[in-house]
Every structure is written in structure tokens, then in C-alpha cells.
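All residue numbers for the sequence shown refer to my numbering, where the first residue is 63 and numbers rise by one.
A virtual CB, placed ideally from N, CA and C, is assigned to each residue, including glycine.
This structure is a prediction, so every number in the text was calculated from the model and none was measured.
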Amino acid sequence: MRNTREQSLNGERFRRNHKDGLRLLLQRWRSLASDPIWDDEDDGQDDCSWWYGERASVSQLAGAAWTLRGWAMQDYAWERRRPKGYAQIDLCVDHPKLELGFIAEAKQIWPRLTRPDLLATRVDRAFKQLQRELGRVKPDGWPQRMFVFVAPWTSTTKKASLPVSDSMLREFVSALGDLEGAAVWTFPWWARNRKIDYVRRTDFYPGVALLTREL
Numbered sequence: 063m064r065n066t067r068e069q070s071l072n073g074e075r076f077r078r079n080h081k082d083g084l085r086l087l088l089q090r091w092r093s094l095a096s097d098p099i100w101d102d103e104d105d106g107q108d109d110c111s112w113w114y115g116e117r118a119s120v121s122q123l124a125g126a127a128w129t130l131r132g133w134a135m136q137d138y139a140w141e142r143r144r145p146k147g148y149a150q151i152d153l154c155v156d157h158p159k160l161e162l163g164f165i166a167e168a169k170q171i172w173p174r175l176t177r178p179d180l181l182a183t184r185v186d187r188a189f190k191q192l193q194r195e196l197g198r199v200k201p202d203g204w205p206q207r208m209f210v211f212v213a214p215w216t217s218t219t220k221k222a223s224l225p226v227s228d229s230m231l232r233e234f235v236s237a238l239g240d241l242e243g244a245a246v247w248t249f250p251w252w253a254r255n256r257k258i259d260y261v262r263r264t265d266f267y268p269g270v271a272l273l274t275r276e277l
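The following block contains the structure:
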């Protein structure tokens with residue numbers, strides 16, 4: 063039986079110090095990621111953007127900036143500290159009207175959906191790595207941001223009859239809400255129990271979250 067739209071689980075968590083521009087960017091990214099245009103069974107495009115890793119996820123975040131009439135560029139050349147020269151940063155975004163601008167590094171992680179107790183450790187490890195990467199370039203007056211895409215997975219090996227349940231998702235989302243920084247997430251109805259053809263047929267990746275912190 064096909065999932066219904068009511069089964070989608072979308073949410074966000076912002077603090078008072080998070081500006082409206084950042085809020086709009088993350089909300090637009092979530093809208094793009096959860097768009098059921100990806101669910102096109104007629105021509106075989108049974109795809110989720112978060113299946114394809116960090117570069118695809120950053121691309122969709124850049125697309126969110128462009129759809130807000132901002133400017134964004136991936137793998138952007140930026141002056142590094144040592145040795146002298148230029149490095150490539152994952153993303154640069156500029157949107158003066160929204161008072162939004164930053165250089166950023168990003169990482170995607172794949173935690174177990176059934177182990178929300180381990181999520182904080184995985185996320186903190188990813189942010190520490192991004193902090194080191196950003197430390198290699200000169201800020202040149204630009205805010206520095208770190209983005210972690212979180213694409214949890216689970217398997218039908220032990221619970222073949224119900225691979226992704228409401229309780230699994232809600233426990234995971236509860237763990238997301240406890241983490242530092244801004245966060246948005248989407249677990250769309252159309253991706254709830256969809257399998258990736260080119261990996262293990264028993265694995266499911268029902269949704270994605272995006273966490274960000276400023277360096």
C-alpha cells in the first residue's frame with residue numbers, strides 16, 4: 063500500500079540568534095529535498111537526493127540559495143592560510159537582501175536510525191572535522207559555517223514487516239532536537255520505505271536532516 067501524505071514528518075529547530083536569512087535558506091532546502099517530483103515511478107526515477115552523498119546534498123543547498131534569488135557556488139576558490147595559494151571550499155553563499163553570506167564546509171553522515179543514542183557523538187565528530195577544514199582558509203571577513211547532512215538508515219534484516227515505523231522516526235527526530243545549532247529535517251511520505259537499487263536491497267534511507275553551526 064502506498065504511503066499517504068499525512069505520514070510525512072517535517073520539522074525544524076532554530077534559536078533566537080539565528081537570523082531570518084538562514085532560516086529561509088534551510089526551509090527552502092527542506093522544501094526541495096521533500097518535493098515529490100523525485101517520486102516519479104512512471105519513468106523509473108525513484109530517487110532521493112540524499113542517496114547520493116555530500117556533493118549532491120550541497121548542490122541542493124546551493125540550489126535553495128539560487129531559488130531565493132541569491133548567489134551560490136560550490137567548490138569555490140578561497141585563499142588558504144598555509145602554504146600560500148588557494149583551496150576549494152564546499153560552498154559560498156551571498157544574499158545581501160536577506161543579510162545572508164558565508165563560506166562553508168559540509169559533510170554527510172549515515173547514522174543508524176535505530177540508534178539515536180549515538181547520534182550526538184557522530185554529529186559532533188563531523189563538526190570537529192569541518193572546523194579543522196575551515197581553519198585552513200582565511201575568512202577574509204566572511205562568516206564561516208559548517209553543515210552536516212544526516213541521512214539515517216535502517217535494515218529489514220530483523221524487522222522485515224515494518225522497516226521504518228513512526229516510533230523510529232520520532233525517536234530519531236527527538237535526538238536531532240537536542241543537538242546544538244540550527245536544524246531542519248524531512249522524512250517524506252514517498253521516501254518512507256523506498257529502497258536504493260544499487261546498494262543492499264534490505265537497507266532503507268527514509269529521510270534527511272541538515273544541521274548547521276557557525277564557526
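The Cβ-Cβ distance between S70 and W251 falls below 9 angstroms.
If the five residues before and after G163 are omitted, its C-beta is found closer than 8 angstroms to the C-beta atoms of V155, D156, H157, W204 and P205, all from its own chain and listed in chain order. Shortest Cα-Cα distance from K190 to any of F76, K81 and R275 involves R275. The segment 71 to 91 and the segment 234 to 253 touch, with three or more beta-carbon pairs separated by less than 8 angstroms.
DSSP links S217 through a beta bridge to D265. Unbroken beta strand (DSSP E) stretches of 3 residues or longer found wholly inside the segment 155 to 220: 162 to 171 and 206 to 212, given in chain order.
Ranked by how close their Cα comes to the Cα of R144, the residues R198, Q136 and Q193 have R198 in first place.
Under DSSP, T274 forms a beta bridge with F209 and A244. Cβ contact annotation for L181 (same chain, cutoff 6 angstroms, sequence separation greater than five): P173 and A237, in chain order. Residue environment: Q150 is assigned as exposed (fewer than 16 neighbouring CB atoms within 10 Å of its CB, all protein chains considered). Non-local beta-carbon contacts of R77 in its own chain, meaning distances under 6 angstroms to residues more than five positions away in sequence, are absent. Judged by their CB atoms, L160 and L192 are not nearer to each other than the 9 angstroms cut-off. When DSSP states are grouped into helix, strand and coil, L130 belongs to the coil group. With a beta-carbon spacing of about 18 angstroms, E242 and Q170 fall beyond the 8 angstroms limit used to define contacts. Annotated as proximal: V120 and D152, with beta-carbon spacing under 9 angstroms.
Approximately 19 angstroms separates the beta-carbon atoms of W91 and L231; this is outside 8 angstroms, ruling out the contact.
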